[in-house]
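Take the sequence shown: its position 115, counting from 1, is numbered 130 in the numbering used here, and each next residue is one higher.
Don't be surprised by glycine CBs; every beta carbon is placed ideally from N, CA and C.
Quick notes on the structure that follows.
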Amino acid sequence: MNAILPIEPDSVCLPDILTGQAGLVDVLVYDHCGGATGARSRVRFSTHALALVLSGSKVLIDGERVEHLVAGDLIAYAPGNVLSTALNEKAAPYRSVILFFNQAELAAFLAKYVVTPARPGRGSFANLGPVPDAARRAMVAAAGRDGGHELSPAMARLTLEQVLLALLEHYGPRAFALFHRPKGRAIERLKRVVEAHWQANLTLPELAFLCGMSLSTFKRSFVLAYGQAPGRWLTGRKLDRAMRLMVEGRRASEVYDLVGYSNHSVFSQSFRKHFGVTPSQVQARSGPVPGGEPGVRRRRENAAG
16 MNAILPIEPD SVCLPDILTG QAGLVDVLVY DHCGGATGAR SRVRFSTHAL
66 ALVLSGSKVL IDGERVEHLV AGDLIAYAPG NVLSTALNEK AAPYRSVILF
116 FNQAELAAFL AKYVVTPARP GRGSFANLGP VPDAARRAMV AAAGRDGGHE
166 LSPAMARLTL EQVLLALLEH YGPRAFALFH RPKGRAIERL KRVVEAHWQA
216 NLTLPELAFL CGMSLSTFKR SFVLAYGQAP GRWLTGRKLD RAMRLMVEGR
266 RASEVYDLVG YSNHSVFSQS FRKHFGVTPS QVQARSGPVP GGEPGVRRRR
316 ENAAG
């Protein structure tokens, strides 16, 4: 199957958008040719997948980390949400071969080869590193079928077995750790997502997406987790970071962009409201963080409490 994914305002669910049905019955090989570059896309996987990057590059974000993918990487995806950004590579647009398969197919393979998966993984994806030659050949050959003929179910299943067997021989049971990750509690996952990405200037809808929540549920859960609305909490963390950077010698004209403000004026107003002093006053000082001013001391005491 060869197509260009449509650009959707919300999330794209894979492989549902390719099959026209929710979930996947067996196995599907998909030759993915990247579309527009630069914008972050919300991608929801409803089943397991392995993706071999053939050309170009992209950035993936999930609830645990940010990773830059390049040609040759083999990515494992578990059901869940990721933010995906294809980078602008004029000489080599992004292209990958994706092998989708459901839990029943995975369980059948593990039983056949008596595989006990390694310690459960976390997150929605994992970069497995160098690609075994046998896995590369099987995936490229399956995706390279032309003339409009898709793989038969038997051939698709055989391709999956070849790829999984190559991974087993190359990596051992750890190759399947991600597919057996436990589902964490919602509040615990929210905290992992927020702590991993609060400096990345993601929007609240994007953070909610990575948590697998609606925006309203995310906001309610955030208050339960942190005792503050997300906007207020994130602003406080960014301004605290700005304070540390300036105490270490960075200028306010550099810091505002580093902590996610679009202009210096708005940053200065927020900084003064938060700390009771202006960035220029902090910049003019030397030594420890100015904790003697009443405004600063009150806000630090409130944050500690």
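Please name the residue in the options whose C-alpha comes closest to that of residue i.
| i | options | result |
| --- | --- | --- |
| Y92 | A215, S285 and Q118 | Q118 |
| A54 | L69, Q284, L65 and L75 | L75 |
| A101 | D88, H83, A141 and G87 | H83 |
| A240 | A223, K206 and D255 | K206 |
| S72 | A86, T62 and S61 | A86 |
| C48 | G159, A244 and R152 | G159 |
| F194 | V130, G246, S99 and Y109 | V130 |
| A211 | V262, G138, K127 and S268 | G138 |
| G78 | F191, S61, S70 and L217 | L217 |
| D88 | S56, V97, N96 and A66 | A66 |
| P294 | A267, V281 and G275 | A267 |
| P132 | L29, L179, I90 and S61 | L179 |
| T232 | R259, I202 and R247 | I202 |
| A169 | G291, R189, E120 and K288 | E120 |
| G264 | R300, N142 and P220 | R300 |
| A141 | H289, D46 and V97 | V97 |
| R12 | A171, G227 and G144 | Residue 12 lies beyond the stretch modelled for the chain, which goes from 16 to 320, so this question has no answer here. |
| R151 | Q177, L230 and L173 | Q177 |
| Y109 | D46, L183, L219 and R134 | D46 |
| Y186 | L173, L230, D148 and G251 | D148 |
| G95 | A157, M228 and Q214 | M228 |
| R247 | V262, M258 and L219 | L219 |
| M258 | R287, L230 and V155 | R287 |
| A171 | I113, R200 and I90 | I113 |
| L173 | A123, S277 and A107 | A123 |
| E184 | Y128, V238 and R200 | Y128 |
Can you tell me whether residue i is buried or exposed, with buried defined as 16 or more other CB within 10 angstroms of its CB?
| i | result |
| --- | --- |
| G242 | exposed |
| L273 | exposed |
| V81 | exposed |
| P245 | buried |
| E221 | buried |
| V297 | buried |
| G162 | Bear in mind that the predicted position of G162 carries a pLDDT of just 43, short of 50, making it too unreliable to give a figure here. |
| S280 | exposed |
| V146 | buried |
| S236 | buried |
| R204 | buried |
| S277 | exposed |
Inspect the beta-carbon positions of residue i and residue j and report whether they are closer than 7 Å.
| i | j | result |
| --- | --- | --- |
| F115 | A64 | yes |
| V68 | S26 | no |
| V209 | L225 | no |
| V42 | L175 | yes |
| V58 | S99 | yes |
| S61 | D31 | yes |
| L260 | V270 | yes |
| G136 | A192 | yes |
| R256 | W213 | no |
| A153 | L166 | no |
Any idea what DSSP makes of residue i, helix, strand or coil?
| i | result |
| --- | --- |
| T100 | strand |
| G246 | helix |
| A319 | For A319, the pLDDT reaches just 38, beneath the cut-off of 50, and the residue's location in the model is therefore unreliable, although a value from the coordinates is still provided. It is helical. |
| S285 | helix |
| Y271 | helix |
| G95 | strand |
| E221 | helix |
| R204 | helix |
| G163 | In this prediction, G163 scores a pLDDT of 46, lower than 50, which makes its location untrustworthy; no coordinate-derived value is stated. |
| L173 | helix |
| L179 | helix |
| R189 | helix |
| Y241 | helix |
| V146 | coil |
| E82 | strand |
| R110 | strand |
| R57 | strand |
| D31 | helix |
Answer with yes or no whether the minimum CB distance from residue i to chain D is below 7 Å.
| i | result |
| --- | --- |
| H212 | The structure shown contains no chain D; it holds only a single protein chain. |
Taking 6 Å as the cut-off, is the CB of residue i close to at least one heavy atom of the ligand GTP?
| i | result |
| --- | --- |
| G291 | For the ligand GTP, the structure offers nothing, since it holds no ligand at all. |
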